[in-house]
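Q:
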RNA sequence: GGCGCUGUACCUAAGUGGCUUAAGGGGAAGGUCUGCAAAACCUUUAUUCGUCGGUUCGAAUCCGACCGGCGCCUCCA
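In the working numbering, the protein residues as written are 120 to 588.
#1: In terms of residues, what are the limits of the beta strand (DSSP E) holding residue 345?
#2: Express the C-alpha separation of residue 248 and residue 411 in angstroms, rounding to a whole number.
#3: Kindly indicate which three-state DSSP category residue 492 falls into: helix, strand or coil?
#4: Out of 440, 460, 509 and 457, which one is the CA nearest neighbour of residue 586?
#5: So, at 6 Å on beta carbons, what are the nonlocal neighbours of residue 133 in its own chain, with the 5 sequence-adjacent residues on each side left out?
#6: How many Å lie between residue 215 and residue 197 at the Cα?
#7: Roughly how many whole angstroms lie between the Cα atoms of residue 234 and residue 223?
#8: Do the CB positions of residue 188 and residue 203 come within less than 9 Å of each other?
#9: With the cut-off set at 9 Å, would you say residue 272 and residue 296 are in Cβ contact?
#10: Rounded to the nearest angstrom, what separates residue 589 and residue 324 at their Cα positions?
#11: Rounded to the nearest angstrom, what separates residue 286 and residue 183 at their Cα positions?
#12: Taking the C-alpha atoms as reference points, what is the distance between residue 533 and residue 540?
#13: If I follow the unbroken beta strand (DSSP E) through residue 318, where does it start and stop?
#14: Can you tell me which of the three DSSP states residue 153 falls into?
#15: Hey, quick one: how far does the alpha helix (DSSP H) through residue 467 stretch, first residue to last?
#16: How long is the line joining the alpha carbons of residue 519 and residue 505, rounded to whole angstroms?
#17: So does the region 478-488 actually touch the region 405-424, counting three or more Cβ pairs closer than 8 Å?
#18: Could you check which residue in 502, 427 and 242 has the C-alpha nearest to that of residue 314?
#19: Going by DSSP in three states, residue 420 sits in which element: helix, strand or coil?
#20: Please report the distance separating the alpha-carbon of residue 401 from that of residue 160.
#21: Using alpha carbons as the reference points, say which of 335, 336, 371 and 261 lies closest to residue 346.
As structure tokens, then:
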């Protein structure tokens, strides 16, 4: 499998350190607000990467941090007159609700920054000890000049950065590019005791501390949004490699931005949708298919219209899935076994996904399959159970397990016995009789009125099938 | 100024030297099936890949110039 590695700017063969184990770290949310649809893209694409690695047989340990202490949380807590903990708790809960709705599978671990302050202090102490960090009256900074590899991820050179650096108001730093490892507490702010006095950790140190603690000193994959490349991930490298003197991350994966009308999502432009807003109007499956139809690394425009057309695609897959499920109920042990080489589709799916997670092509393979499967169902009066199970299995492995765009156990079933079902059956049977008598006026009225109740009747040679909206 | 991404049909988006005289989804048009409708299926919808040159037996794919769009360069995924 090939993955594009940001640090080498090349596609590389993926070779985890200890196969079949894979360690994967994803920069999670700062829990100061609901996350937006652009964040959702990163969460979903990292989920698909993780699921695909599992599809390939890897045992993935997937860790996503929660930043629950940070400037914006403190600001919000002051504005809302609540404690920082309350704010963080509120939006952590919202985060978990939203990713669950988006069908992002639970990580193995969601470490919180506030529960790893001690580990961060240890790292900062080590950096201070080996001369990479300096303390200015309770604020501790990383001295970027002490790390020769600084800039290797983002492709920036230290002197160019310095030349382009904007004037920094913080004159206590030795160099404008130095970044905070430890921030001295201001009155009223949450703080922890440390060798440098009361304060709180800087933003970058948490990821170094937590990924090392839970995944080791060198991890296989570190993922996040494009904008984290600089300075966040650059600084993580400086911190971790500055202490452990070994490679921090093997493969850096970065997700492209989601734009609205070709512009970056931002609150000031007012083009800001939270994931919850979007989920109120669209299904998680349509969101996931929409993201899958573009390569993860490139930019992507978002609009309601595009999600609506993605939903049509989802419906197409669901329609086939329901068709298969209904035929499976018929129990045709001796049906036809058409020549339909499903293995070819699976091979193709894996081939394109192996190429740096080419989900647009993978989706194309699934739709090619859908067309072929529908055709075969149309052409065969009776299909063997074996054939149907193979079709179902293909969709489960690809569309369900990897992409998460269809869910077989949630298909609307209509075979549970109930009075409502029996009455519906009665109506359908009566309508069949009316149709035989060519009383189309009344039979159409029944169909229309059921339709307005959310029940869709579709006539076929073998009788009407019932679907619900 | 530095670094990076990007320009493919009505919308969207793969493809980065011959397997594709350009996938897939949406939309549109015609057809099959049906009493009709829906679904499904079939056909059609880019001789062309921002523009102009060049390299090559061969280019959307490589090189050059030019014209657009976007992002990063202060804690924003």
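Beta carbons are placed, not taken as given, at the ideal position from N, Cα and C, and that holds for glycine.
A: Taking the coordinates as given:
#1: Here residue 345 refers to the residue found at position 226 when the first chain is read from its first residue. First-last for residue 345: undefined, no H or E at that position.
#2: The residue you call residue 411 lines up with position 292 of the first chain. The residue you call residue 248 lines up with position 129 of the first chain. Between residue 411 and residue 248, the C-alpha separation is close to 47 Å.
#3: For the purposes of this step, residue 492 is identified with residue 373 of the first chain, where counting begins at 1. Helix.
#4: Here residue 586 refers to the residue found at position 467 when the first chain is read from its first residue. Ranking 440, 460, 509 and 457 by Cα distance to residue 586 puts 440 first.
#5: Reading the first chain from its first residue, position 14 is the one you call residue 133. So the list reads 120 and 122, once near-sequence residues are dropped.
#6: Here residue 215 is taken as the residue at index 96 of the first chain, counted from 1. Here residue 197 is taken as the residue at index 78 of the first chain, counted from 1. Spanning the alpha carbons of residue 215 and residue 197 requires a straight line of approximately 24 Å.
#7: On the first chain, residue 234 is found 115 positions in, with the first residue counted as 1. On the first chain, residue 223 is found 104 positions in, with the first residue counted as 1. Cα to Cα, residue 234 sits roughly 24 Å from residue 223.
#8: Residue 188 sits at position 69 when you count from the first residue of the first chain. Residue 203 sits at position 84 when you count from the first residue of the first chain. A contact, by the Cβ cut-off of 9 Å.
#9: On the first chain, residue 272 is found 153 positions in, with the first residue counted as 1. On the first chain, residue 296 is found 177 positions in, with the first residue counted as 1. The criterion of a C-beta distance shorter than 9 Å is not satisfied by residue 272 and residue 296.
#10: Summary: the structure shown does not reach residue 589, with the chain confined to residues 120 through 588, and so no result is reported for it.
#11: Counted from its first residue, the first chain places residue 286 at position 167. Counted from its first residue, the first chain places residue 183 at position 64. Below a pLDDT of 50, predicted positions are generally treated as unreliable, and residue 286, at 47, falls in that range; the measurement from the model is reported next regardless. Here the C-alpha atom of residue 286 lies approximately 34 Å from the C-alpha atom of residue 183.
#12: To locate residue 533, count along the first chain from 1; it is residue 414. To locate residue 540, count along the first chain from 1; it is residue 421. The predicted model places residue 533 with a pLDDT of 49, which falls under 50 and marks its position as unreliable; any figure quoted below should be read in that light. A direct Cα-to-Cα measurement between residue 533 and residue 540 gives close to 7 Å.
#13: The sequence position of residue 318 within the first chain is 199, counting from 1. Unbroken beta strand (DSSP E) run through residue 318: 318-320.
#14: Residue 153 sits at position 34 when you count from the first residue of the first chain. Residue state, collapsed to three classes: coil.
#15: Numbered from its first residue, the first chain carries residue 467 at position 348. 461-473 is the extent of the alpha helix (DSSP H) around residue 467.
#16: Position 400 of the first chain, counted from the start, is the residue given in the question as residue 519. Position 386 of the first chain, counted from the start, is the residue given in the question as residue 505. Pairing residue 519 with residue 505, the inter-Cα distance amounts to about 20 Å.
#17: Contact between the region 478-488 and the region 405-424 is present, because at least three Cβ pairs lie under 8 Å.
#18: Taking the first residue of the first chain as position 1, residue 314 is located at position 195. Relative to the Cα of residue 314, the nearest Cα in the group 502, 427 and 242 belongs to 242.
#19: Taking the first residue of the first chain as position 1, residue 420 is located at position 301. In the three-state DSSP reduction, residue 420 falls in the strand class (E or B).
#20: Taking the first chain and counting its residues from 1, one reaches residue 401 at position 282. Taking the first chain and counting its residues from 1, one reaches residue 160 at position 41. Cα-Cα distance, rounded: 15 Å.
#21: Taking the first chain and counting its residues from 1, the one referred to as residue 346 is at position 227. Measuring from the Cα of residue 346, the nearest candidate turns out to be 371.
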